[in-house]
Each structure stands twice: as C-alpha cells, then as structure tokens.
Amino acid sequence: MIVAGIGSRKGVSEQQVLDAISATLSEYQIKASQLDAIATARLKQHEAAIFSAGRKLGLEVMIVGDAELAEAGKKTSSHSDLSLTLTGAPSVSEAAALAAAGQGARLLGPRRVLDSVTCAIAQSGEAS
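The opening position of the sequence shown corresponds to residue 36 in the working numbering, with each subsequent residue numbered one higher.
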C-alpha cells in the first residue's frame, strides 16, 4: 500500500495540495496511479482542499486518529514543534502516511514542504 500523507496550513487550495503530492511522487518516481490513499490528521478533517484533491485523484482520504498519529509519530524523520503541540506527532504528513499505510510501513524519505503543504509518502506490503 502506498499512501501520501498531507499536512497543511489552514486555507490552502486544492491546487497547492495536488502540486505537493505531484512533486513528492515525482521525487520518488511514483505515478499517481500507484497511490492507494491520501491520509491526514483528525485536526485537518475540515480542510476542504485535501478532500477535493482526493476526489480529483480518485482516492480515499483517510483520517488518522490522534492516538494512531502519536504512535506513528515515533517513526517520523521530520520535526515541527507546532505539529507536536497540536497533534502529538512531530510531523502530520509523515505520521499520517505511516499510520494509514499499515503495519510495517516505512517512509520513502522525509516530508516535502511546498507552498504551505507538506507531503510524505509511506509504503507497506499491505494490500489496499
């Protein structure tokens, strides 16, 4: 399973989210058609741009609960004090991707920051 984890500032646009996903996938030579889902933190469940980007890509947007996010946060490679304060995880995008990808998931690399959106890619051997 391959999951794009998304974090963002409030009020980002669908295009900003799509651009961040596209740039991150390109960095790891992954096609958008290989993505199984987008994931984000419960804190972002009302961020319309994330959901509209998911619809545009034909992907489910998975909301990761606080406890799962904090647990997955133990395996992140990036750190944001603000993210840690607000969610209990040092990186929303990395922790969300890891949690949603399932057991044995690993990050392909650190999150990418692009225009107020962070995106991280996690992969596991689990089927989508």
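Backbone N, C-alpha and C define an ideal beta-carbon position, used for all residues, glycine too.
No experiment lies behind these values; they were computed from the predicted model shown.
> Would S126 be called buried (16 or more neighbouring beta carbons within 10 Å of its own) or exposed?
Replying inline: Translated into positions along the sequence shown, residue 126 becomes position 91. Buried: at least 16 other Cβ atoms inside 10 Å.
>> Determine whether the beta carbon atoms of G42 and S112 lie at a separation below 8 Å.
In response: Numbered from its first residue, the sequence shown carries residue 42 at position 7. Numbered from its first residue, the sequence shown carries residue 112 at position 77. Not closer than 8 Å, so no.
>> Starting from E95, trace the beta strand (DSSP E) in both directions and tell me its first and last residue.
In response: The sequence position of residue 95 within the sequence shown is 60, counting from 1. First-last of the beta strand (DSSP E) with E95: E95 to V99.
> Start and end of the alpha helix (DSSP H) containing T59?
Replying inline: For the purposes of this step, residue 59 is taken as the residue at position 24 of the sequence shown. Counting along the chain, the alpha helix (DSSP H) containing T59 begins and ends at E49 to E62.
>> Could you check whether V38 and A157 sit closer than 8 Å to each other, using their CB atoms as the reference points?
In response: Along the sequence shown, read from residue 1 onward, the residue named residue 157 stands at position 122. Along the sequence shown, read from residue 1 onward, the residue named residue 38 stands at position 3. Cβ distance < 8 Å, so A157 and V38 count as in contact.
>> Considering only DSSP beta bridges, list what G43 is partnered with.
In response: By 1-based counting over the sequence shown, the position of residue 43 is 8. The question names Gly, yet the displayed sequence has Ser at residue 43. Bridge partners of S43: V152.
> By a C-beta neighbour count over all protein chains shown, 10 Å radius and 16 as the cutoff for buried, is R44 buried or exposed?
Replying inline: Start at 1 with the first residue of the sequence shown, and residue 44 comes out as number 9. Under this definition R44 is an exposed residue.
> What do you get for R147, buried or exposed, if any count of 16 or more other CB atoms within 10 angstroms of its CB means buried?
Replying inline: Here the question's residue 147 lines up with position 112 in the sequence shown. Its Cβ being crowded by 16 or more others within 10 Å, R147 is buried.
>> Nearest by alpha-carbon distance to E49: which of Q69, T75, Y63 and E82 is it?
In response: In the sequence shown, residue 49 corresponds to position 14, counting from 1. For E49, the closest alpha carbon among the candidates Q69, T75, Y63 and E82 is that of E82.
> Under three-state DSSP, which class holds Q158?
Replying inline: The residue given as residue 158 occupies position 123 in the sequence shown. Q158: strand per DSSP, three-state reduction.
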